[in-house]
Amino acid sequence: MNIRYEKEDKQLIVEITEEIDHHIAEKLRRKVDDEITRHMPRKTIFDFSRVTFMDSAGIGMIIGRYKMMRLIGGSLEITNISATVRRILEMSGINKIIPMEDKKEVG
Amino acid sequence: MFDNEMKLEFISKSSNEAFARITVAAFASSLDPTIEELADIKTAVSEAVTNCIIHAYEGEEGIIKIKGRIIKNTIELEISDTGRGIENVEMARKPLYTTKANLERSGMGFTIMESFMDEVEIDSVLGLGTKIIMKKKIKKHLVNIEDEEFASIGGVG
Ligand SMILES: Nc1ncnc2c1ncn2[C@@H]1O[C@H](COP(=O)(O)OP(=O)(O)O)[C@@H](O)[C@H]1O
Ligand SMILES: [Mg+2]
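Protein sequence lines correspond, in order, to chains A and B.
The first sequence begins at -6 in the numbering used here and counts up by one.
The second sequence begins at -16 in the numbering used here and counts up by one.
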């Protein structure tokens, strides 16, 4: 995972580089919550361009961060999601409350 | 008779979630699944194994077993634990139903298993454990005409 905070836009960009299961979700949530508490961003953006696998642990992790951002008056966005990840997100219905943008197919 | 069979046993450590799904994917690969079919199997295995770790053993150490079978073009997986068991199987299958909302569980595990696999059976006894049996048929893909084996049998299929 790579995290960077863009001060001018008050945006926290979280690029996830690992497969999101329960094991990884626990680590992600601890780290991201630390960064949110530290910077109090206006927006947190999860960049999913390098996520090749996600199970239902990802849904819980995303909803948890969504609630946290709402609590501090900010928002959450997910970018570059693949078709497989979208399938899982849609099953849970969270695509209706969290803005998400698909990965642009290459070639 | 099975065309192939395997058994896997490991302790309930969360780092084994990846180990389990990758191992099962390797076992399934002889059926020549598409990337999507393989992702379905990996996700279902990940859900079942995670449930053993979180719900059956609740963070305590326990043994998780996976039995895999390939029969013609169907893969059959049995994932079992000897943990606390499921109180109400019918409720457990429902989307968004979870007994561990405090741990950021979404209650979508069984819904995902059911939609990614053809069949999902749940056998559970309170206090004794749970066994999940899942099946998925892998569709036959077009055979490459240049395939030697195919050519040698005269291309009859
Ligand atoms: N192996 C298991 N042992 C005991 N209880 C289980 C097991 N698997 C599932 N459950 C129960 O079924 C419920 C639903 O499971 P699931 O759909 O995977 O959602 P989640 O894991 O997010 O709670 C769990 O909350 C738990 O109460
Ligand atoms: Mg689950």
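Glycine included, each C-beta is placed from N, C-alpha and C at the ideal position.
Pick from the options that is closest to residue i, judged by C-alpha positions
i, options, result
"I46 (chain B)", "B:K114, B:A8 and B:T57", "B:K114"
"G14 (chain A)", "B:E0, B:V7, B:M74 and B:T6", "According to the sequence displayed, residue 14 (chain A) carries Asp and not Gly. Among B:E0, B:V7, B:M74 and B:T6, the Cα nearest to that of D14 (chain A) belongs to B:E0."
"I95 (chain B)", "B:T26, B:A75 and B:T82", "B:T26"
"T37 (chain A)", "A:M93, A:I(-4) and A:Q4", "A:Q4"
"M54 (chain A)", "A:V25, A:E1, A:G86 and A:M93", "A:V25"
"S102 (chain A)", "B:L79, B:I18 and B:R4", "Examination of residue 102 (chain A) is not possible in this model, given that chain A is present from -6 through 100 alone."
"E11 (chain A)", "A:D48, A:E1 and A:D27", "A:D48"
"V72 (chain B)", "B:I58, B:I54 and B:V103", "B:V103"
"R96 (chain A)", "A:R80, A:N88 and A:N73", "Note that residue 96 (chain A) is Lys in the sequence shown, not Arg. The residue with the shortest Cα to Cα distance from K96 (chain A) is A:N73."
"D2 (chain A)", "A:S68, A:N88, A:D27 and A:R80", "A:S68"
Pairwise C-alpha distance: residue j and residue i
i, j, result
"N56 (chain B)", "V44 (chain A)", "29 Å"
"Y(-2) (chain A)", "D23 (chain B)", "35 Å"
"G57 (chain A)", "G90 (chain B)", "14 Å"
"T65 (chain B)", "H124 (chain B)", "39 Å"
"S173 (chain B)", "K122 (chain B)", "There is no way to answer for residue 173 (chain B), as the model of chain B reaches only from -16 to 140."
"A8 (chain B)", "V7 (chain A)", "29 Å"
"G42 (chain B)", "M(-11) (chain B)", "26 Å"
"K48 (chain B)", "N(-5) (chain A)", "35 Å"
"H32 (chain A)", "G66 (chain A)", "13 Å"
"A39 (chain B)", "V78 (chain A)", "27 Å"
"T82 (chain B)", "A75 (chain B)", "9 Å"
"G86 (chain A)", "I9 (chain A)", "21 Å"
"L87 (chain B)", "R4 (chain B)", "The sequence given here has Glu at residue 87 (chain B), not Leu. When rounded, the distance between both Cα atoms is 22 Å."
"E70 (chain A)", "D106 (chain B)", "39 Å"
"R23 (chain A)", "F93 (chain B)", "26 Å"
"N(-13) (chain B)", "I116 (chain B)", "17 Å"
"M62 (chain A)", "Y80 (chain B)", "24 Å"
"I53 (chain B)", "F(-7) (chain B)", "21 Å"
"R80 (chain A)", "P34 (chain A)", "29 Å"
"Y59 (chain A)", "K0 (chain A)", "20 Å"
"G140 (chain B)", "I58 (chain B)", "Confidence at G140 (chain B) is low in this model, with a pLDDT of 42, below 50, so the placement of that residue should be treated as unreliable; the coordinate-derived value is given next. Going from the Cα of G140 (chain B) to the Cα of I58 (chain B) covers about 22 Å."
"T6 (chain B)", "D15 (chain B)", "15 Å"
"E98 (chain A)", "N88 (chain A)", "20 Å"
"G110 (chain B)", "K120 (chain B)", "33 Å"
Residue i classed as buried or exposed, judged by whether at least 16 other C-beta atoms fall within 10 angstroms
i, result
"V108 (chain B)", "exposed"
"A11 (chain B)", "buried"
"F41 (chain A)", "buried"
"F(-15) (chain B)", "exposed"
"L82 (chain A)", "buried"
"L21 (chain B)", "buried"
"I29 (chain A)", "buried"
"F46 (chain A)", "buried"
"L64 (chain A)", "exposed"
"F39 (chain A)", "buried"
"N85 (chain B)", "exposed"
"G51 (chain A)", "buried"
"G138 (chain B)", "Note that G138 (chain B) scores a pLDDT of 48, beneath 50, so its modelled location is shaky; the value from the coordinates is reported in the next line. G138 (chain B) should be labelled exposed."
"F2 (chain B)", "exposed"
Nearest-angstrom beta carbon gap, residue j and residue i [assumed within contact, 8 Å]
i, j, result
"E44 (chain B)", "S(-3) (chain B)", "About 12 Å; that fails the 8 Å criterion."
"K118 (chain B)", "M100 (chain B)", "6 Å"
"G112 (chain B)", "G68 (chain B)", "6 Å"
"S98 (chain B)", "M84 (chain A)", "7 Å"
Residue i CB to nearest heavy atom of ligand 3 below 7 Å
i, result
"N85 (chain B)", "As presented, the structure is devoid of ligand 3, carrying ligand 1 and ligand 2 as its sole ligands."
Selection of the stretch 81 to 93 of chain A by Cβ proximity to chain C, strictly under 9 Å
Note that chain C does not occur in the displayed structure, where the protein chains are A and B.
Check whether the stretch 58 to 77 of chain B touches the stretch 33 to 47 of chain B, taking contact to mean three or more Cβ pairs, one atom from each stretch, closer than 8 Å.
Taking a cut-off of 8 Å on C-beta distances, the stretch 58 to 77 of chain B touches the stretch 33 to 47 of chain B, as three or more cross pairs fall below it.
When you compare the stretch 15 to 22 of chain A with the stretch 74 to 94 of chain A, are there three or more beta-carbon pairs, one atom per stretch, that lie closer than 8 Å?
Taking 8 Å as the limit for Cβ pairs, the verdict is that the stretch 74 to 94 of chain A does not touch the stretch 15 to 22 of chain A.
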